[in-house]
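K.L.:
Sharing a structure with you now.
Number of protein chains: 2
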Amino acid sequence: MKRIPPIQIEWKPDKNSVTPVYQQIVQFVCEKVAKGEWPIGTRLPSQRTLAALFEVNRSTVVTALEELTSYGIIEGCHGAGTQIISNTWALLLPPSPDWSNYVTSGFFRANNSIIQAINHLEFVPGMMRLGTGELDPRLFPEKMWKRVCESLSQNTTSLGYLEPLGLPELREAISHHMETFGIYAPPSCILITSGSLQALQLISVCLLKRGSTIYTEAPTYLKSLQVFQSAGMNLSGIPMDDKGIQFRNLQHSLKNETQQNSSILYTIPTNHNPTGITMSEARRKELMNFCTTNRLPIIEDGAYQELCYDANQPTPLKAMDETGMVIYLGSASKSLAPGLRIGWIIAAESIVQRLGDVKMQMDYGASSISQWAFAEFLSSGMYQHYLTNLKTELKHRRDHALSVLSRYYKDFAYWNLPNGGFYIWLTIKGNINMELLFENAVKNKILLNPGAVYDFKHNNSLRLSYAYTSCEEFEHAAITLAEIIREQLE
Amino acid sequence: MKRIPPIQIEWKPDKNSVTPVYQQIVQFVCEKVAKGEWPIGTRLPSQRTLAALFEVNRSTVVTALEELTSYGIIEGCHGAGTQIISNTWALLLPPSPDWSNYVTSGFFRANNSIIQAINHLEFVPGMMRLGTGELDPRLFPEKMWKRVCESLSQNTTSLGYLEPLGLPELREAISHHMETFGIYAPPSCILITSGSLQALQLISVCLLKRGSTIYTEAPTYLKSLQVFQSAGMNLSGIPMDDKGIQFRNLQHSLKNETQQNSSILYTIPTNHNPTGITMSEARRKELMNFCTTNRLPIIEDGAYQELCYDANQPTPLKAMDETGMVIYLGSASKSLAPGLRIGWIIAAESIVQRLGDVKMQMDYGASSISQWAFAEFLSSGMYQHYLTNLKTELKHRRDHALSVLSRYYKDFAYWNLPNGGFYIWLTIKGNINMELLFENAVKNKILLNPGAVYDFKHNNSLRLSYAYTSCEEFEHAAITLAEIIREQLE
Numbered sequence: 382m383k384r385i386p387p388i389q390i391e392w393k394p395d396k397n398s399v400t401p402v403y404q405q406i407v408q409f410v411c412e413k414v415a416k417g418e419w420p421i422g423t424r425l426p427s428q429r430t431l432a433a434l435f436e437v438n439r440s441t442v443v444t445a446l447e448e449l450t451s452y453g454i455i456e457g458c459h460g461a462g463t464q465i466i467s468n469t470w471a472l473l474l475p476p477s478p479d480w481s482n483y484v485t486s487g488f489f490r491a492n493n494s495i496i497q498a499i500n501h502l503e504f505v506p507g508m509m510r511l512g513t514g515e516l517d518p519r520l521f522p523e524k525m526w527k528r529v530c531e532s533l534s535q536n537t538t539s540l541g542y543l544e545p546l547g548l549p550e551l552r553e554a555i556s557h558h559m560e561t562f563g564i565y566a567p568p569s570c571i572l573i574t575s576g577s578l579q580a581l582q583l584i585s586v587c588l589l590k591r592g593s594t595i596y597t598e599a600p601t602y603l604k605s606l607q608v609f610q611s612a613g614m615n616l617s618g619i620p621m622d623d624k625g626i627q628f629r630n631l632q633h634s635l636k637n638e639t640q641q642n643s644s645i646l647y648t649i650p651t652n653h654n655p656t657g658i659t660m661s662e663a664r665r666k667e668l669m670n671f672c673t674t675n676r677l678p679i680i681e682d683g684a685y686q687e688l689c690y691d692a693n694q695p696t697p698l699k700a701m702d703e704t705g706m707v708i709y710l711g712s713a714s715k716s717l718a719p720g721l722r723i724g725w726i727i728a729a730e731s732i733v734q735r736l737g738d739v740k741m742q743m744d745y746g747a748s749s750i751s752q753w754a755f756a757e758f759l760s761s762g763m764y765q766h767y768l769t770n771l772k773t774e775l776k777h778r779r780d781h782a783l784s785v786l787s788r789y790y791k792d793f794a795y796w797n798l799p800n801g802g803f804y805i806w807l808t809i810k811g812n813i814n815m816e817l818l819f820e821n822a823v824k825n826k827i828l829l830n831p832g833a834v835y836d837f838k839h840n841n842s843l844r845l846s847y848a849y850t851s852c853e854e855f856e857h858a859a860i861t862l863a864e865i866i867r868e869q870l871e
Numbered sequence: 382m383k384r385i386p387p388i389q390i391e392w393k394p395d396k397n398s399v400t401p402v403y404q405q406i407v408q409f410v411c412e413k414v415a416k417g418e419w420p421i422g423t424r425l426p427s428q429r430t431l432a433a434l435f436e437v438n439r440s441t442v443v444t445a446l447e448e449l450t451s452y453g454i455i456e457g458c459h460g461a462g463t464q465i466i467s468n469t470w471a472l473l474l475p476p477s478p479d480w481s482n483y484v485t486s487g488f489f490r491a492n493n494s495i496i497q498a499i500n501h502l503e504f505v506p507g508m509m510r511l512g513t514g515e516l517d518p519r520l521f522p523e524k525m526w527k528r529v530c531e532s533l534s535q536n537t538t539s540l541g542y543l544e545p546l547g548l549p550e551l552r553e554a555i556s557h558h559m560e561t562f563g564i565y566a567p568p569s570c571i572l573i574t575s576g577s578l579q580a581l582q583l584i585s586v587c588l589l590k591r592g593s594t595i596y597t598e599a600p601t602y603l604k605s606l607q608v609f610q611s612a613g614m615n616l617s618g619i620p621m622d623d624k625g626i627q628f629r630n631l632q633h634s635l636k637n638e639t640q641q642n643s644s645i646l647y648t649i650p651t652n653h654n655p656t657g658i659t660m661s662e663a664r665r666k667e668l669m670n671f672c673t674t675n676r677l678p679i680i681e682d683g684a685y686q687e688l689c690y691d692a693n694q695p696t697p698l699k700a701m702d703e704t705g706m707v708i709y710l711g712s713a714s715k716s717l718a719p720g721l722r723i724g725w726i727i728a729a730e731s732i733v734q735r736l737g738d739v740k741m742q743m744d745y746g747a748s749s750i751s752q753w754a755f756a757e758f759l760s761s762g763m764y765q766h767y768l769t770n771l772k773t774e775l776k777h778r779r780d781h782a783l784s785v786l787s788r789y790y791k792d793f794a795y796w797n798l799p800n801g802g803f804y805i806w807l808t809i810k811g812n813i814n815m816e817l818l819f820e821n822a823v824k825n826k827i828l829l830n831p832g833a834v835y836d837f838k839h840n841n842s843l844r845l846s847y848a849y850t851s852c853e854e855f856e857h858a859a860i861t862l863a864e865i866i867r868e869q870l871e
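Next up, the structure:
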C-alpha cells in the first residue's frame, strides 16, 4: 500500500482568543476540508507532530481529533495515521447549533453525560433499573389493550390529519376525566401533545423569551431535561421542605428582576419528581396567592396527579386558578404507557389556540392511532378501573421498598415517605463519591439515577423508583446496593 | 349597571419609528396592563377618541384592538365599550416570538392567511377539496387495518419508551422496503420521525444556521410550510422545466455566497408537489454532479416516491449518492395515512445519531403504536399489495381528471400530465383575480389550493388533486369551477 505523506500545516491557534484552542483546531480543519483544500484521503500529521506544530499539549490535539472523528470528518487508520473521510453533511455539523452550547452552567455537560449513559444503559439486558421514571412494562393492562385494539379495528375507518387541537373525542374524554380532579375545562381549552415534553417545547418557543427565568423546585425533573436551557432560558432552583416548594425565597429574586414579565414558575406539586413530596393544601393556597400577587404564571406538571394512593386527593393548582394563570400539563406516560406519546395542555383558549398553531408547524399533530386508543381507554371506563388496580400495586411496592430500606439503609441514609407516584429520594450521610457509586452499581448490573441529575448543586442523593421493579427485584438490587455503599463509605 | 369612565391616555405613537404604529399601540396597552396600571375591568376610550388621541386613522386603532382582542387582553362589551380582561399568560403572548415575524418576505403573511383559511375550510362539511394534499379516506385499507390491529392486540405487551432512532423492527422493515428503490441503508442510518415535517424541523435546528439559503424548485411545497423561514432561513426558488429543477441557474448565486457552507438544496424529484413533474434521469445525474462539485448538500423529499404509476421507476438521488451528501426523507403520510405520523430520515450514521439525540429532547420519539402498526404493514407484505391497488386507482382518477380538463378547460387554461402522485398544475391564461376565484369557489363549496401558496411570485395557477375526490366528485366540482372561471374571465 502506498503511503500518502501527511499534509503540511503552517497555521497556529490563537491562545488569546475566547474560543477554546481545541475548538479553533476543529474549525481550522473543517475550513480546510470545506474549501476543498484537503480532499478526502488527505493524511494528517501524527498527534505528536500536530501538538508541536500548534504549540499545544497533546491532550488538546486529542480532544480536537476526537470531536472531528465524532463528526465523521476524520478517521484514524492503523498504520496510515489520521485521514480526512469527510462527507458534505458532516461539515455542516460543527458550526450548527449544539444545543448544550446554549446552556450557561458548566454543570450541565456532566449532567448530560450521565443522562446519556443512563439512556444507553437502560437498553442493556439484565440491568436492574432502580431509579427509572417508567412504569414496569409487566403492569401494562394487556387484556384492556386487546379490547382497545378491537375497538380500533372496528371503528377506525381512516387515519387522516386531525384538527390542530387534536382528536375531539379525546379532548372530550380528557375534559370529563379532569373533572374528577376538580378541573373544569371545556375541550376548546385542551390541546393534545406528543407527550408532556412537547408541551414544554411548545411553551418555550411560543410563550417565553430567551433570557427568561424558570423558577422551579430544587431538585427538579426539569433539570434533567434540556428543553428550556436549550432555548436560552435560565433555571433557578428554589429549595423544598416536606410541604413542597419554599416559594417565599422567590420574593427577593422577583423584585430584582428587570423584566418581571419574562419569568414563570414550573412545579410538580403532586408526587414530585424526583423527591416524591406532595405539596400541602395550605402551601398550594399560599403559592397561588403569591403568584397571583406577583403576576408569576405557573406551569403545573400533573404527570403523577393520577397516582395518589390515598383517598384524600390533593387539589391541583389549576382547580384553584381563577385568573387563567396556570397552564396544566397532563400525560399518559407515567400512569399508562409512554409509548403512546400522549400528553395534554389545559390553558385559556387563546393560549391553547396559539400553541396548537405552532404544533401544526412542528409535526402536524400527535399520532391519530394513539389518540383514538387513549380516548377509548378513557371513555370506556377501563382507564379508571386500571388506575385503581395500579395504585394498589404501587402502594404495595412502596410499602415493601420502605421496609427494605428500613432494614438495610438505616445506618447510613435517610429518605422520605411518598404518598403516591414512583419515587423515594434517598440521601446518603457522610462523604461518598457519587460518580464512583454509579459506576460500581453498573458493574453489579444496577442502574442508578444520581440526584445530581436533578439538582442545581452537588448532592449525596439517589432517586429510587419502586415502579419499574417487582418487590423481589427491588429487594435484591437494594441489598446489593447497600453493600456497595457500605464498602465505599468504609 | 354602573358605567365606568374610560381611562385617560396622554401617550402618542412615534410615527418615525420602524415599529408599525398599530404595533406600538399594542405594546403600549400591554405595558400598561403588565405594570398593573390598568387593572382588569379598565375601560378604554372609544375607537374614534383613541384615533384622535393617537393622531392616527381609525383603521390603525381597529387593527391594534383586534390584535389585543386576539391575545385575550381586551374585549369589546356592547354598551360598555372596550375593557381590559387580561390574564397573566395572555400578557406573555405579544412580546413572545411570533413565528411569522421571522419571515423577511411580506408575501408570506398573505400566504399564511390563505393556508389558515384552507386549514379551517377543510373541516367544513360538504366542502369539495379539489387541491388537497391528502389521500381520499375511502381508499384507506380497512381490511388490512383490521389485520394490523389484530397483530397489535396479540403482539404488543407493553408500550415503553423506544430507543432514540425508533423501533428497530420498523427501521429494519424500512431498510428492506427502500432496497426496492435502489437505496441500500442499514437500520443504523434510518431515523423514525413524527412525519416528514418533523424531519425538516430537526434538520433546521440541528444542521442549518440562521441566514442559511435553501434552494428549491419554484413553485415548491416548501413555500407553504414555515419550518425553515421560521428558523430564520431564506428560501430561494429555482425555475423548473418539464424535466425538473433548472439547477444551472444556481451557479451564479453559489459563487456570490459568502458562506457557501450554509446553503442546501431541497427537492422533490419524483411526482413533485405541487407541479406533478418527475425529474428526468439525465437531469438527476447532472444535478448530482453539480451538487457534488459545488458541495451543495441535498434534502430529497421522497413523499411521493412510492406513487409512480409506470413500471419505469425513477432512481432516487439517494440511490446515486456516493459521498453521503443526500438526506432522504420518506413518509407514510401520502401513500397510506397521515394520521400515523410516521416519516423517516435516511442519512449517514453520524447525521442520523445527531438528529435522533435532538428528537429525544423534543418529544421522546414517535408513537410506539404507530411504529408497530406501520412495521406490520410493511413486513407482512400488505403494504406492497395495497400500493399496487392504490396506484391503479390513482392512475384511473388521473386519466379521468385529464379527460375532464380537456373537455372543460382547454379554451382558457393549460396543464401538465403527471406520471404519478396526486397533482395537476393548472394555469389559467389571461388576467384573473386569484383571491376572488378562491372566494367564489368557496361560495360554491369548492376548496382550492391557489398556486401562490407554493410560489415565490404571483401566478395564475392552481394545484389540483385527484387523490381526495372520486371521479364523479372531481368532475362535478371541476365543471362548476370552469363556470366560475369563465364568468370571472368575461
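Taken in sequence, the protein lines are chains H and R.
Per the numbering used here, the very first residue in the first sequence carries number 382; after that it's consecutive.
Per the numbering used here, the very first residue in the second sequence carries number 382; after that it's consecutive.
From the three backbone atoms N, C-alpha and C, an ideal C-beta is built for every residue, glycine too.
Would the stretch 826–845 of chain R and the stretch 598–614 of chain R be scored as touching if the rule is three or more Cβ pairs under 8 Å?
P.N.:
Short answer: they touch.
K.L.:
State the DSSP-derived secondary structure class of M525 (chain R), mapped to helix, strand or coil.
P.N.:
Residue 525 (chain R) sits at position 144 when you count from the first residue of the second sequence. Residue state, collapsed to three classes: helix.
K.L.:
Against chain R, does Y745 (chain H) count as a neighbour if the rule is that its beta carbon must be under 8 Å from one of theirs?
P.N.:
Position 364 of the first sequence holds residue 745 (chain H). Chain R contact via Cβ: present.
K.L.:
Against chain R, with Cβ distances strictly below 8 Å, would G453 (chain H) count as a contact?
P.N.:
Indexing the first sequence from 1 puts residue 453 (chain H) at position 72. With 8 Å as the cut-off, G453 (chain H) counts as an interface residue toward chain R.
K.L.:
Tell me the DSSP bridge mates of T656 (chain R)?
P.N.:
On the second sequence, position 275 is the one that residue 656 (chain R) refers to. For T656 (chain R), which the question treats as bridged, DSSP gives no partner whatsoever.
K.L.:
Within a Cβ cutoff of 6 Å, which residues of the same chain sit near I723 (chain H), ignoring the five residues on either side of it in sequence?
P.N.:
If you number the first sequence from 1, residue 723 (chain H) lands on position 342. Cβ within range, chain order: A713, S751 and F755.
K.L.:
Taking the alpha carbon of I866 (chain R) as the point to measure from, which residue in R:S851, R:E816, R:A848 and R:E853 has its own alpha carbon closest?
P.N.:
Taking the first residue of the second sequence as 1, we reach residue 866 (chain R) at position 485. Answer by Cα proximity: R:E816.
K.L.:
Assign P831 (chain R) to one of three DSSP states: helix, strand, or coil.
P.N.:
Within the second sequence, the letter at position 450 stands for residue 831 (chain R). Three-state DSSP puts P831 (chain R) in a strand.
K.L.:
Take E854 (chain H) and list the residues in its own chain whose beta-carbon comes closer than 7 Å to its own, dropping the five residues that flank it on each side.
P.N.:
Residue 854 (chain H) sits at position 473 when you count from the first residue of the first sequence. Only M509 meet the Cβ criterion.
K.L.:
Using a 10 Å radius around the Cβ and a threshold of 16 neighbouring Cβ atoms, would you call P394 (chain H) buried or exposed?
P.N.:
On the first sequence, residue 394 (chain H) is found 13 positions in, with the first residue counted as 1. Burial call: buried.
K.L.:
Under 8 Å between C-beta atoms, does G720 (chain R) make it to chain H?
P.N.:
The count along the second sequence starts at 1 and reaches residue 720 (chain R) at position 339. Output row for G720 (chain R): interface = yes.
K.L.:
Under 9 Å between beta-carbons, which chain H residues line up against V608 (chain R)? List them in chain order, please.
P.N.:
Mapped onto the second sequence, residue 608 (chain R) falls at position 227. Within 9 Å Cβ-Cβ: Q742 and M743.
K.L.:
By how many angstroms is the C-alpha of M741 (chain R) removed from the C-alpha of A684 (chain H)?
P.N.:
Position 303 of the first sequence, counting from 1, holds the residue named residue 684 (chain H). Position 360 of the second sequence, counting from 1, holds the residue named residue 741 (chain R). In a straight line, the C-alpha of A684 (chain H) is about 18 Å away from that of M741 (chain R).
K.L.:
Run through the DSSP bridge pairs and tell me what A794 (chain H) is partnered with.
P.N.:
Along the first sequence, read from residue 1 onward, the residue named residue 794 (chain H) stands at position 413. Per DSSP, H:I809.
K.L.:
Looking at the structure shown, is L668 (chain H) part of a helix, part of a strand, or coil, going by DSSP?
P.N.:
Looking up residue 668 (chain H) in the first sequence gives position 287. Note: L668 (chain H) maps to helix in three-state DSSP.
K.L.:
Starting from the C-beta of S760 (chain H), find all residues in its chain whose C-beta is less than 6 Å away, skip the five residues before and the five after it, and write them out in chain order.
P.N.:
Walking along the first sequence from the start, residue 760 (chain H) turns up at place 379. Here the set comprises A554.
K.L.:
Measuring CB to CB, does D517 (chain R) end up less than 8 Å from A848 (chain R)?
P.N.:
Taking the second sequence and counting its residues from 1, one reaches residue 517 (chain R) at position 136. Taking the second sequence and counting its residues from 1, one reaches residue 848 (chain R) at position 467. Against a cut-off of 8 Å, the Cβ pair of A848 (chain R) and D517 (chain R) comes out as a contact.
K.L.:
Leaving out the 5 sequence neighbours to the left and right, which residues in its chain are closer than 7 Å to S398 (chain H) when beta-carbon positions are compared?
P.N.:
Counting from one through the first sequence, the residue named residue 398 (chain H) turns up at place 17. Cβ within range, chain order: Q405.
K.L.:
Near L546 (chain H), what residues of its chain come up, given a Cβ to Cβ distance below 6 Å and the 5 sequence neighbours on each side ignored?
P.N.:
Residue 546 (chain H) sits at position 165 when you count from the first residue of the first sequence. Closer than 6 Å at Cβ, skipping near neighbours: L572 and G737.
K.L.:
Output, in chain order, the set of chain R residues within a Cβ distance shorter than 9 Å of Q582 (chain H).
P.N.:
Locating residue 582 (chain H) in the first sequence gives position 201, where the first residue counts as 1. Within chain R, the residues near Q582 (chain H) are Q742, M743 and D744.
K.L.:
Relative to the C-alpha of A782 (chain H), which residue among H:P799, H:Y764 and H:N652 is closest?
P.N.:
Residue numbering aside, residue 782 (chain H) sits at position 401 when the first sequence is read from its first letter. The residue with the shortest Cα to Cα distance from A782 (chain H) is H:P799.
K.L.:
According to DSSP, simplified to helix, strand and coil, what is G683 (chain R)?
P.N.:
To locate residue 683 (chain R), count along the second sequence from 1; it is residue 302. DSSP places G683 (chain R) in coil when its eight states are reduced to three.
K.L.:
What residues in the stretch 610–621 of chain R have a beta carbon less than 7 Å from any beta carbon of chain H?
P.N.:
Residues passing the 7 Å Cβ filter: S611.
K.L.:
Examine the Cβ distances between the stretch 575–594 of chain R and the stretch 759–776 of chain R and report whether three or more of them are shorter than 8 Å.
P.N.:
Taking 8 Å as the limit for Cβ pairs, the verdict is that the stretch 759–776 of chain R does not touch the stretch 575–594 of chain R.
K.L.:
With DSSP as the reference, label M614 (chain H) as helix, strand or coil.
P.N.:
Stepping through the first sequence from its first residue, residue 614 (chain H) is reached at position 233. DSSP places M614 (chain H) in coil when its eight states are reduced to three.
K.L.:
Check for me: the beta strand (DSSP E) holding E418 (chain H) runs from which residue to which?
P.N.:
Taking the first sequence and counting its residues from 1, the one referred to as residue 418 (chain H) is at position 37. That residue, E418 (chain H), is in no beta strand (DSSP E); it is neither H nor E in DSSP.
K.L.:
Check whether the stretch 668–687 of chain R and the stretch 696–715 of chain R are in contact - that is, three or more C-beta pairs closer than 8 Å.
P.N.:
Segments in contact, yes.
K.L.:
Can you tell me which residues form a DSSP beta bridge with W725 (chain R)?
P.N.:
Taking the first residue of the second sequence as 1, we reach residue 725 (chain R) at position 344. According to DSSP, W725 (chain R) bridges with R:I573 and R:G711.
K.L.:
Quick one: Cα of S481 (chain H) to Cα of L829 (chain R), how far?
P.N.:
Along the first sequence, read from residue 1 onward, the residue named residue 481 (chain H) stands at position 100. Along the second sequence, read from residue 1 onward, the residue named residue 829 (chain R) stands at position 448. Here the model assigns S481 (chain H) a pLDDT of 31, short of 50, so the residue's position is not dependable, and the following value carries that caveat. Going by the C-alpha atoms only, they are around 44 Å apart.
K.L.:
Under 8 Å between C-beta atoms, does C530 (chain R) make it to chain H?
P.N.:
Start at 1 with the first residue of the second sequence, and residue 530 (chain R) comes out as number 149. By this cut-off, C530 (chain R) is an interface position.
K.L.:
Please check if any C-beta of chain H sits within less than 8 Å of the C-beta of P394 (chain R).
P.N.:
For this step, residue 394 (chain R) is matched to residue 13 along the second sequence. Chain H, which has no Cβ nearer than 8 Å to the Cβ of P394 (chain R), makes this no.
K.L.:
Could you tell me whether any Cβ in chain H is nearer than 8 Å to the Cβ of T444 (chain R)?
P.N.:
Start at 1 with the first residue of the second sequence, and residue 444 (chain R) comes out as number 63. Taking Cβ atoms only, chain H never reaches closer than 8 Å to T444 (chain R), which makes this a no.
K.L.:
Could you pull the start and end residues of the beta strand (DSSP E) that E391 (chain R) belongs to?
P.N.:
As a working mapping, residue 391 (chain R) is identified with position 10 in the second sequence. Segment: none, E391 (chain R) is in no beta strand (DSSP E) and carries neither H nor E.
K.L.:
Under 8 Å Cβ-Cβ, which residues of chain R neighbour Q579 (chain H)?
P.N.:
Reading the first sequence from its first residue, position 198 is the one you call residue 579 (chain H). Under the 8 Å cutoff, chain R gives M743 and D744.
K.L.:
Check each candidate in H:S748, H:N821 and H:E523 and name the one with the smallest Cα separation from L717 (chain H).
P.N.:
Taking the first sequence and counting its residues from 1, the one referred to as residue 717 (chain H) is at position 336. Nearest C-alpha to L717 (chain H): H:E523.
K.L.:
Quick one: does T463 (chain H) have its CB under 8 Å from some CB of chain R?
P.N.:
To locate residue 463 (chain H), count along the first sequence from 1; it is residue 82. Not an interface residue.
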